[in-house]
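First up is the structure itself, then whatever we jot down about it.
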Amino acid sequence: MESVEFERPGTVEEAVALLQGASGNAKILAGGTDLLVQLRAHMVEPDVIIDIKHIEETRTLTKNSDGSYTIGAAVAGAEAGDRDDITKDWPGVVEGWELIGSTQIQGRASLGGNLCNASPAGDSVPAMVAAGMTVNIAGPNGRRTIPVEEVTVAPGRTCLEKGEFVVSFNLPARPAGGGDAYLRLIPRTEMDIAVVGCGVALTLDTDGVVKTAKVSLGAVAATVLVVEDAAKAIIGTKLDADAMAALDAACQAACKPIDDKRGTIEYRTKIAGVLGRRAVTIAAERAGKK
Amino acid sequence: MAKHHISATLNGEPVEFLCSTRQTLLDVLRDELNLTGSKEGCASGDCGACSVMVDDRLVCSCLVLGAECDNKKIDSIEGMADGEKLHPLQTKFLEEAALQCGICTPGVLVAAKALLERNNNPTETEVRYWLAGNLCRCTGYDKIIRAVMSTAADMRENAK
Amino acid sequence: MSSEQKDYKWVGTRQIRPDGHDKVTGRAKFGSDFSLSGMIHGRVLRSPHAHAIIQSIDTSKAEALPGVKAVITSKDLKDQPSELKPAGEGMVNYRDMTRNVMAREKVLYDGHAVAAVAATTVEIAEAALELIDVKYEVLPPCRRCRRRDEGRCPYS
Chain U
1 MESVEFERPG TVEEAVALLQ GASGNAKILA GGTDLLVQLR AHMVEPDVII DIKHIEETRT
61 LTKNSDGSYT IGAAVAGAEA GDRDDITKDW PGVVEGWELI GSTQIQGRAS LGGNLCNASP
121 AGDSVPAMVA AGMTVNIAGP NGRRTIPVEE VTVAPGRTCL EKGEFVVSFN LPARPAGGGD
181 AYLRLIPRTE MDIAVVGCGV ALTLDTDGVV KTAKVSLGAV AATVLVVEDA AKAIIGTKLD
241 ADAMAALDAA CQAACKPIDD KRGTIEYRTK IAGVLGRRAV TIAAERAGKK
Chain E
1 MAKHHISATL NGEPVEFLCS TRQTLLDVLR DELNLTGSKE GCASGDCGAC SVMVDDRLVC
61 SCLVLGAECD NKKIDSIEGM ADGEKLHPLQ TKFLEEAALQ CGICTPGVLV AAKALLERNN
121 NPTETEVRYW LAGNLCRCTG YDKIIRAVMS TAADMRENAK
Chain Z
1 MSSEQKDYKW VGTRQIRPDG HDKVTGRAKF GSDFSLSGMI HGRVLRSPHA HAIIQSIDTS
61 KAEALPGVKA VITSKDLKDQ PSELKPAGEG MVNYRDMTRN VMAREKVLYD GHAVAAVAAT
121 TVEIAEAALE LIDVKYEVLP PCRRCRRRDE GRCPYS
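Chains as they are written, first to last, in our numbering: chain U, 1 to 290; chain E, 1 to 160; chain Z, 1 to 156.
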């Protein structure tokens, strides 16, 4: 049997050195809820598994003095869900995160893993994109920070170079008049993969007019989409019927989905519009819309 | 390569074991430590039959590597009863006939205990969502849910 | 329903199942919970195709792997005549059953057993599966019963 090495670096630098030094295939282990399944099915055959959970930075969720958050890549969804601060500030981000699998999976599945697994349907991703989150990546050439939406380049593929891994995420402070939401449709009530997912973050002024908005769709294209036209459709409006119809149409127009057992192209496209409207409505309520 | 030498706490007792990188915590419990109460249903985190607590967090032991468990606190079904004295959930499952073949039962019990320790007054919907990752193919879920709700009611009564 | 009340010893009473205590404590031993010294482990090679003709199965490399104790295919199962025979509570056609247990001239569904290995460890058994070379002629899947009329039914 081919043997697999197992390493537990205590610092980011050690982890990068291990990743760089690995002759062939190194795999990062955080929650393991994707990696162990792939390992078992022989979909991946790593020479070394690098458990990053002994690196303090990957395991801490900190609310900074300016109200923003720094979230370790290996923090599990249930750990975030147990925190009152982030759940109150960014309910949509936490909703997406806590929709990943069962209670047991949520106790392990990490934000970094859900992003780097690079599934078009990863539930944590649209809300992170909508919230304007960025990723702190460490590698042989030091650190870089990029928007979440730039990490996945194709199904199963990220932009990470050899020797790089995601250390943590930055989540901005919740802006005044801000609200966010994540909705997904699955064929059953729980424990399935999104047919469509939609994340929305927006801000309202004191009159209830949308000042800023970001709309993101999952599972309707090869990677998670940022739908700029959907945001444009509602910015400057009070979310009247015309604005919502334009948002719906923009969401549908952005879709480039596939047919599969969970939904057809037509179904996914239509649902993208419906979820767009509903997610915007929830986000606006959370932003204080009367 | 050499096996990993892991020291952990299992059901309140110190334990040491050797495992290869590929061995999951479930493999370790069953094959190395001979604790076969945790079952392998799917080996992919879908069925929950291998549910255990690691550092007081409910997880599927098939999705945890044994090598990750150094200095961890692990609690499995074998530690649920206090010697011969059953946990109230175990007693209630017997009284309410919330088991048949018994393959899912250890995982369901470990998961239900984790819920009631967080929340001793769950709604039926909360119990159903919490246990959504524990599949049962013969008893049906109603008796299981009823037993959990009934145990929770007893716990609240006893807490008064 | 009779209104007559009768005291039965068991009927109408709720019993604690005799195997319940062992099952709620994790002590109950199921088949896969047993581990005996010298035990060997089985693994099954399954078809990746829904419908295909098996042209050949080469098990020689798997048999040569140290630790492999046996490799079987449908050749090790005697073919049976197509007739209904009494079996337990019902009637069984052993020809169909034999073909379901292990694919004979054709695989009839994705996951149909094609070969099985017994080895000293699970890992060796799994490695042996990868050494079995099956040549398939892939056929279109049969999705409707009336295809039988067109001569494309997998059972024909």
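Every residue, glycine too, gets a C-beta built ideally from N, C-alpha and C.
Using alpha carbons as the reference points, say which of the options lies closest to residue i.
{"i": "U:M128", "options": "U:K261, U:H54, U:E149, U:G139", "result": "U:E149"}
{"i": "U:A118", "options": "U:Q104, U:V151, U:I100", "result": "U:V151"}
{"i": "U:T134", "options": "U:L115, U:D123, U:T103", "result": "U:L115"}
{"i": "E:S20", "options": "E:G133, E:R137, E:S38, E:E68", "result": "E:E68"}
{"i": "E:D56", "options": "E:A153, E:R118, E:S44", "result": "E:R118"}
{"i": "U:V210", "options": "U:D240, U:P155, U:V220", "result": "U:D240"}
{"i": "Z:E105", "options": "Z:A62, Z:F34, Z:E137", "result": "Z:E137"}
{"i": "E:V164", "options": "E:W130, E:K160, E:C138", "result": "The question about residue 164 of chain E has no answer, for chain E in this structure spans 1 to 160."}
{"i": "U:I234", "options": "U:V226, U:K214, U:A221, U:V224", "result": "U:K214"}
{"i": "U:I258", "options": "U:V44, U:T103, U:V226, U:P155", "result": "U:P155"}
{"i": "Z:L84", "options": "Z:R95, Z:V24, Z:I40, Z:H49", "result": "Z:R95"}
{"i": "E:I103", "options": "E:Q23, E:G41, E:E32", "result": "E:G41"}
{"i": "Z:I54", "options": "Z:T98, Z:Q15, Z:V114, Z:I72", "result": "Z:V114"}
{"i": "U:G142", "options": "U:L225, U:G163, U:D51, U:T60", "result": "U:G163"}
{"i": "U:L61", "options": "U:S110, U:C198, U:A26", "result": "U:S110"}
{"i": "E:V127", "options": "U:G208, U:D89, U:E190, U:E56", "result": "U:E190"}
{"i": "Z:T121", "options": "Z:H51, Z:K61, Z:A70, Z:S60", "result": "Z:A70"}
{"i": "U:E5", "options": "U:G21, U:E14, U:D47", "result": "U:D47"}
{"i": "E:H4", "options": "E:V59, E:G83, E:L25", "result": "E:L25"}
{"i": "U:V153", "options": "U:E57, U:A221, U:W90", "result": "U:A221"}
{"i": "U:F169", "options": "U:A243, U:Y69, U:L225", "result": "U:Y69"}
{"i": "Z:R56", "options": "Z:H21, Z:E89, Z:G88, Z:K75", "result": "Rather than Arg, the amino acid found at residue 56 of chain Z in this sequence is Ser. Closest option to Z:S56, Cα to Cα, is Z:K75."}
{"i": "E:T123", "options": "E:T139, E:A114, E:R146, E:C60", "result": "E:R146"}
How is residue i classed by DSSP in three states: helix, strand or coil?
{"i": "Z:S156", "result": "Any reading at Z:S156 must be qualified, since the residue scores a pLDDT of 49, below 50, and its modelled position is unreliable; the value itself is stated next. Of the three classes helix, strand and coil, the one that applies to Z:S156 here is coil, per DSSP."}
{"i": "U:Y69", "result": "strand"}
{"i": "U:C116", "result": "helix"}
{"i": "E:A114", "result": "helix"}
{"i": "E:G66", "result": "helix"}
{"i": "U:K88", "result": "helix"}
{"i": "U:G142", "result": "strand"}
{"i": "U:K211", "result": "strand"}
{"i": "U:T152", "result": "strand"}
{"i": "E:K143", "result": "helix"}
{"i": "U:I265", "result": "helix"}
{"i": "U:A121", "result": "coil"}
{"i": "U:I100", "result": "coil"}
{"i": "U:T33", "result": "coil"}
{"i": "U:V126", "result": "Note that residue 126 of chain U corresponds to Pro in the displayed sequence, not to Val. Helix."}
{"i": "U:I193", "result": "coil"}
{"i": "U:N170", "result": "strand"}
{"i": "U:D240", "result": "coil"}
{"i": "U:V226", "result": "strand"}
{"i": "U:T62", "result": "strand"}
{"i": "U:I235", "result": "coil"}
Any idea which residues DSSP pairs residue i with across the strands?
{"i": "Z:V138", "result": "Z:A52"}
{"i": "U:F6", "result": "U:I49"}
{"i": "E:I6", "result": "E:F17"}
{"i": "U:C198", "result": "U:L183, U:L217"}
{"i": "U:A76", "result": "U:S110"}
{"i": "U:R157", "result": "U:A154"}
{"i": "E:N121", "result": "Answer is none; E:N121 lacks a bridge partner."}
{"i": "U:V135", "result": "U:I146, U:F169"}
Am I right that residue i and residue j are in contact with their C-beta atoms under 8 Å? What's the rounded C-beta distance?
{"i": "E:S76", "j": "E:L35", "result": "6 Å"}
{"i": "U:A283", "j": "U:A201", "result": "7 Å"}
{"i": "U:V94", "j": "U:G81", "result": "6 Å"}
{"i": "U:L160", "j": "U:I137", "result": "7 Å"}
{"i": "U:A219", "j": "U:A279", "result": "Not really, about 14 Å apart at Cβ, beyond 8 Å."}
{"i": "U:G178", "j": "U:T203", "result": "5 Å"}
{"i": "Z:L77", "j": "Z:V101", "result": "7 Å"}
{"i": "U:G208", "j": "U:K238", "result": "5 Å"}
{"i": "U:I55", "j": "U:V12", "result": "6 Å"}
{"i": "U:C251", "j": "U:G276", "result": "4 Å"}
Using 7 Å as the limit for Cβ to Cβ distance, is residue i near chain C?
{"i": "E:A67", "result": "The chain inventory of the structure shown lacks chain C, comprising the protein chains U, E and Z."}
Mind pulling the beta strand (DSSP E) runs of 3 or more residues that sit fully within the segment 24-111 of chain Z? Runs of beta strand (DSSP E) with 3 or more residues, each lying fully within the segment 24-111 of chain Z, are found at 41-46, 52-58, 68-73, 84-87, 90-93, listed in chain order.
Residue ranges of each alpha helix (DSSP H) run of no fewer than 4 residues wholly in the segment 110-135 of chain Z, ordered along the chain? Whole alpha helix (DSSP H) segments, 4+ residues: 122-130.
I'd like the ranges of any alpha helix (DSSP H) spanning at least 4 consecutive residues and lying wholly in the segment 37-110 of chain E. With a minimum length of 4 residues, the continuous alpha helix (DSSP H) runs that stay inside the segment 37-110 of chain E are 88-95.
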